[in-house]
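Novice: Chains as they are written, first to last, in my numbering: chain A, 188 to 547; chain B, 188 to 547.
Glycine included, each C-beta is placed from N, C-alpha and C at the ideal position.
Pasting a structure below so you can have a look.
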DNA sequence: TTTGGCTATGAAAACGTTTTCAGCCACCTC
DNA sequence: GAGGTGGCTGAAAACGTTTTCATAGCCAAA
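Written as structure tokens, this is what we have:
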């Protein structure tokens, strides 16, 4: 088998125009152009006055040597890295995918780089990730959906630009979130409007801020409709917990005819679980999710759910961070709208006697 | 509206234990501990001999001042950044999501950071992205699916660790790819085994390396079966192109009974397009995709397609890069296996006279 | 011709680390 | 007591930039 090793590299092919030494520094350029490093820096950055003829000499030297500035050294000298860190719970999945895309788009607009890391729910990882960014980035976008967050931000010095994404509000850092409450309200009211009288909420993890907000909104809406009953089944945002919830649901008395699930994954699990037990959605039970994952519209029936412009969320987070970095005033919290997407998994409740109700 | 500005930050809350000045450097720690910066460095990095009692003093000072090393300066001095750059066509979508996850997992294992950027098909962006990494990373994973790639790697000095992900092979850099040929072969042979005699390939973009490999494999297999005919319809990997291909397909003579689509997106579009024209899949036309996107198993019918462990691909790419960085020998090319996933979108061809064939 | 004020440049000091090099000290061996 | 020997430590030189500060030259004004 042909092998590659760091020492056995061949001659230049489509590499640098004339790549003499791997490491050509600003001093080499200066020497080659017959000027001082300071002047080269001035030409490269367009700062300070330099005679046109000298500028040409410098550019010529840059091209001739194939010089590319060393961003690390540059950052050190300028005290500015043009990089921001993204510390997220996960990187995969539709939500983060969209989020990342929005952030990348914004980053390009601001000409900054993105340093990503994910911590998979481990607080120790968050701390490590945050510490590792010291001296490497100009700011941090942190997403920490857990309720508890004491000491997470220990290693970041006060005054360092940090934007919190989702989750609870924070004394020291601005926050960008989706309107969980509004979305949940819309979902629940949709079910009530359809005529449902017994609703159940399939909750998310109790320590998850989004889950808490959605649950609160659920009961808040029910408080306004005395003739509607609200129950809840504990879940944890996984498809499996939704599947299992189907069993619990069928044992509830009075019988719920509609479910507001904390997110799409558990809603999908629930639909599958109900179907496995012979219950039809939405004829016998209506189901609403939350997130509007791409999958939602491809399901049978297509899932009614609450959507949001997650890409926009990413953009806004980066933009907020940049404003913070630049010292511009910034709202303490920015809440992005969510909207109900009515599809096929919701319908009016079954009329007793027409065979829609499920067995005794 | 309450606003935040960089200058109006409050007192410390859950921030640093005792955050005196925002910027505490190794010199401050040294002074506080009554030693030299060199000794602090030695203690922090566990290098060189330091008396235990002094070590304690240093650690105490570190804690007292809430010192966190400045990675930027560290990188400069060590000539090592513990960061690698990911230069990808996109960041969103199932494929990249999985890829990123694998890379992140591997990165954590190697204790390195990930600097991401995407270029959306623009060669100028690639060059900018690569140049921006100079002095910021120890290596680069570059994915450039286009056939043409002259000069893309101009600004990276020869000998700098680069791993190519997918795409064509390269003289100077090792490569990690998925087995497009094997997957395509398996897909086509599956259709032939089912009894199909007229196959059509819905191609990807002509300048895309993966598309080219899959197309080549399609015709290579057909070459071995003289009694099977192969046609092709040009596409571009988008769902829309698949949808439109349905029309073209129905006009072909002889009538194809099976389609091997270049990827899942176009396969899905095709299925939708066929259905819109009253053609049933797989009863009248079988369809195979490529990629096994998560959606595939939720479609009706679930899509038969070619899958691969994309997360593993990401891991392998990072691992290869690390080996390259460390000067370990490394295969010039690593090809990861793909596998056929048979689901519901393929079936034997309709038997004439049984109503399966579509109208004249 | 001096003075003053530009413009264009270079020398050198940052930036915050790591690492080399040399030196100090205590201990051991004759 | 002289001469190693080895363990700790500090001074200082990197690393590759940017930026401040000083100065040299030049032209206009006095």
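Could you check how far apart the C-beta atoms of residue 479(B) and residue 451(B) are, in whole angstroms? I think they sit under 8 Å.
Specialist: On the second chain, position 292 is the one that residue 479(B) refers to. On the second chain, position 264 is the one that residue 451(B) refers to. Sure, about 7 Å apart at Cβ, within 8 Å.
Novice: Residue 436(B) to residue 354(B), Cα distance in whole Å?
Specialist: Position 249 of the second chain holds residue 436(B). Position 167 of the second chain holds residue 354(B). Each residue's alpha carbon lies about 29 Å from the other.
Novice: Whose C-beta lies closer than 7 Å to the C-beta of residue 378(B) among residues of the same chain, with five residues either side of it excluded?
Specialist: Counting from 1 along the second chain, the entry for residue 378(B) is found at position 191. Excluding positions up to five away in sequence, the list reads 386, 445, 447, 473, 475, 533.
Novice: Grab me the residues of residue 227(A)'s own chain with a C-beta within less than 6 Å of its C-beta, minus the 5 sequence neighbours each way, in chain order.
Specialist: What you label residue 227(A) is simply residue 40 of the first chain in a count that begins at 1. Excluding positions up to five away in sequence, the list reads 213, 216, 217, 245.
Novice: If you measure between the beta carbons of residue 322(B) and residue 257(A), is that distance less than 7 Å?
Specialist: Here residue 322(B) refers to the residue found at position 135 when the second chain is read from its first residue. Here residue 257(A) refers to the residue found at position 70 when the first chain is read from its first residue. Their beta carbons are under 7 Å apart, which means residue 322(B) touches residue 257(A) by this criterion.
Novice: Out of 340(A), 350(A), 224(A), which one is the CA nearest neighbour of residue 501(A)?
Specialist: Within the first chain, the letter at position 314 stands for residue 501(A). Taking only the C-alpha atoms, the option nearest residue 501(A) is 350(A).
Novice: Under a three-way DSSP split, which group does residue 520(B) fall into?
Specialist: Counting from 1 along the second chain, the entry for residue 520(B) is found at position 333. If DSSP states are grouped into helix, strand and coil, residue 520(B) belongs with the strands.
Novice: Just to confirm the assignment, what range does the alpha helix (DSSP H) spanning residue 312(A) have?
Specialist: Along the first chain, one-based indexing puts residue 312(A) at 125. Here the alpha helix (DSSP H) through residue 312(A) covers 310 to 319.
Novice: Which partner residues does residue 364(B) have in the DSSP bridge list?
Specialist: As a working note, residue 364(B) is residue 177 in the second chain. In the DSSP output, where bridge partners are listed per residue, residue 364(B) has 522(B).
Novice: For residue 336(A) and residue 255(B), what's the separation of their Cα atoms in angstroms?
Specialist: As a working note, residue 336(A) is residue 149 in the first chain. As a working note, residue 255(B) is residue 68 in the second chain. Going from the Cα of residue 336(A) to the Cα of residue 255(B) covers about 20 Å.
Novice: Check whether the Cβ atoms of residue 390(B) and residue 422(B) sit closer than 7 Å, and answer yes or no.
Specialist: Counting from 1 along the second chain, the entry for residue 390(B) is found at position 203. Counting from 1 along the second chain, the entry for residue 422(B) is found at position 235. For residue 390(B) and residue 422(B), yes; Cβs fall inside 7 Å.
Novice: How would you list, in chain order, the residues of chain B whose beta-carbon sits under 8 Å from the beta-carbon of residue 470(A)?
Specialist: In the first chain, residue 470(A) corresponds to position 283, counting from 1. Residues of chain B passing the Cβ test: none, with the nearest at roughly 18 Å.
Novice: For a minimum of 3 consecutive residues, which ranges assigned as the beta strand (DSSP E) are wholly contained in the stretch 220 to 302 of chain A?
Specialist: Correct list: 270 to 275.
Novice: Looking at the strands, I want to know which residues DSSP matches up with residue 327(B).
Specialist: Here residue 327(B) corresponds to residue number 140 of the second chain, with the count starting at 1. 272(B), 349(B).
Novice: Check this for me: beta carbons of residue 365(B) and residue 525(B), under 7 Å apart or not?
Specialist: Here residue 365(B) corresponds to residue number 178 of the second chain, with the count starting at 1. Here residue 525(B) corresponds to residue number 338 of the second chain, with the count starting at 1. Against a cut-off of 7 Å, the Cβ pair of residue 525(B) and residue 365(B) comes out as a contact.
Novice: Determine the contact status of residue 498(A) and residue 285(A), defining contact as a CB-CB distance below 7 Å.
Specialist: Taking the first chain and counting its residues from 1, the one referred to as residue 498(A) is at position 311. Taking the first chain and counting its residues from 1, the one referred to as residue 285(A) is at position 98. Yes. Within cutoff.
Novice: Run through the DSSP bridge pairs and tell me what residue 450(A) is partnered with.
Specialist: Working through the first chain from its first residue, we reach residue 450(A) at position 263. Note: residue 450(A) sits in no beta bridge, so no partner.
Novice: State the Cα-Cα distance for the pair residue 369(A) and residue 404(B), rounded to the nearest angstrom.
Specialist: Position 182 of the first chain, counting from 1, holds the residue named residue 369(A). Position 217 of the second chain, counting from 1, holds the residue named residue 404(B). For residue 369(A) and residue 404(B), the distance between alpha carbons rounds to 52 Å.
Novice: Looking at the structure shown, is residue 417(A) part of a helix, part of a strand, or coil, going by DSSP?
Specialist: Mapped onto the first chain, residue 417(A) falls at position 230. In this structure, residue 417(A) counts as strand in the three-state DSSP scheme.
Novice: Just the Cα atoms here: how many angstroms apart are residue 535(A) and residue 420(A)?
Specialist: The sequence position of residue 535(A) within the first chain is 348, counting from 1. The sequence position of residue 420(A) within the first chain is 233, counting from 1. The straight-line gap from Cα to Cα measures roughly 22 Å.
Novice: Kindly confirm or deny that the stretch 456 to 469 of chain B and the stretch 448 to 467 of chain A touch, where touching means at least three C-beta pairs closer than 8 Å.
Specialist: As far as the Cβ criterion goes, the stretch 456 to 469 of chain B does not touch the stretch 448 to 467 of chain A, which means the pair count is below three.
Novice: What is the DSSP secondary structure of residue 473(A), counted as helix, strand or coil?
Specialist: Start at 1 with the first residue of the first chain, and residue 473(A) comes out as number 286. Here residue 473(A) sits in strand by DSSP.
Novice: Put residue 377(A) into one of helix, strand or coil per three-state DSSP.
Specialist: Locating residue 377(A) in the first chain gives position 190, counting from the first residue. Correct three-state label for residue 377(A): helix.
Novice: Starting from the beta carbon of residue 485(A), find every residue of chain B whose beta carbon is closer than 8 Å, and list them in chain order.
Specialist: To locate residue 485(A), count along the first chain from 1; it is residue 298. Ordered by position in chain B, the residues that pass the 8 Å Cβ test against residue 485(A) are 482, 485, 486.
Novice: For chain B, find out if any of its Cβ atoms is closer than 7 Å to the Cβ of residue 467(A); answer yes or no.
Specialist: One-based indexing of the first chain puts residue 467(A) at position 280. No, because no Cβ of chain B sits closer than 7 Å to the Cβ of residue 467(A).
Novice: How long is the line joining the alpha carbons of residue 194(B) and residue 519(A), rounded to whole angstroms?
Specialist: Locating residue 194(B) in the second chain gives position 7, counting from the first residue. Locating residue 519(A) in the first chain gives position 332, counting from the first residue. Low confidence applies to residue 194(B): its pLDDT is 40, below 50, so where it sits in the model is not reliable, and the reading given next is rough at best. Their backbone Cα atoms lie some 14 Å apart in a straight line.
Novice: Is the distance from the Cβ of residue 320(A) to the Cβ of residue 300(A) below 7 Å?
Specialist: Mapped onto the first chain, residue 320(A) falls at position 133. Mapped onto the first chain, residue 300(A) falls at position 113. Not a contact, by the Cβ cut-off of 7 Å.
Novice: At the level of alpha carbons, what is the spacing between residue 230(B) and residue 242(B)?
Specialist: Numbered from its first residue, the second chain carries residue 230(B) at position 43. Numbered from its first residue, the second chain carries residue 242(B) at position 55. Taking the straight line joining both Cα atoms gives about 6 Å.
Novice: May I ask which residues mark the beginning and end of the beta strand (DSSP E) holding residue 434(B)?
Specialist: The residue given as residue 434(B) occupies position 247 in the second chain. First-last for residue 434(B): 426 to 438, but that is the alpha helix (DSSP H), not the beta strand (DSSP E).
Novice: In this structure, how does DSSP classify residue 506(B) when only helix, strand and coil are distinguished?
Specialist: As a first step, residue 506(B) is located in the second chain; it is residue number 319 there, counting from the start. The answer is helix: DSSP assigns residue 506(B) an H, G or I state.
Novice: Between which two residues does the beta strand (DSSP E) harbouring residue 385(B) extend?
Specialist: For the purposes of this step, residue 385(B) is taken as residue 198 along the second chain, with counting starting at 1. Element bounds for residue 385(B): 385 to 389.
Novice: Take residue 274(A) as the anchor and find which of 424(A), 224(A), 314(A) has the nearest alpha-carbon.
Specialist: Counting from one through the first chain, the residue named residue 274(A) turns up at place 87. Selected option, being the one with the closest Cα: 314(A).
Novice: Do you know whose CA, among 333(A), 240(A), 307(A), lies nearest residue 398(A)'s CA?
Specialist: Taking the first chain and counting its residues from 1, the one referred to as residue 398(A) is at position 211. Nearest of 333(A), 240(A), 307(A) to residue 398(A), Cα basis: 333(A).
Novice: Let me see if you follow: with CB-CB separation under 7 Å, is residue 192(A) close to chain B or not?
Specialist: Here the question's residue 192(A) lines up with position 5 in the first chain. Bear in mind that a pLDDT of 49 at residue 192(A), under 50, signals an unreliable position, so the number given afterwards is only what the model happens to contain. At least one chain B Cβ lies under 7 Å of residue 192(A).
Novice: Which residue or residues does DSSP assign as beta-bridge partners of residue 354(B)?
Specialist: For the purposes of this step, residue 354(B) is identified with residue 167 of the second chain, where counting begins at 1. None; residue 354(B) has no bridge partner.
Novice: Just to confirm, are residue 408(B) and residue 521(B) a CB contact at a threshold of 7 Å?
Specialist: Looking up residue 408(B) in the second chain gives position 221. Looking up residue 521(B) in the second chain gives position 334. No, these two residues do not count as a Cβ contact at 7 Å.
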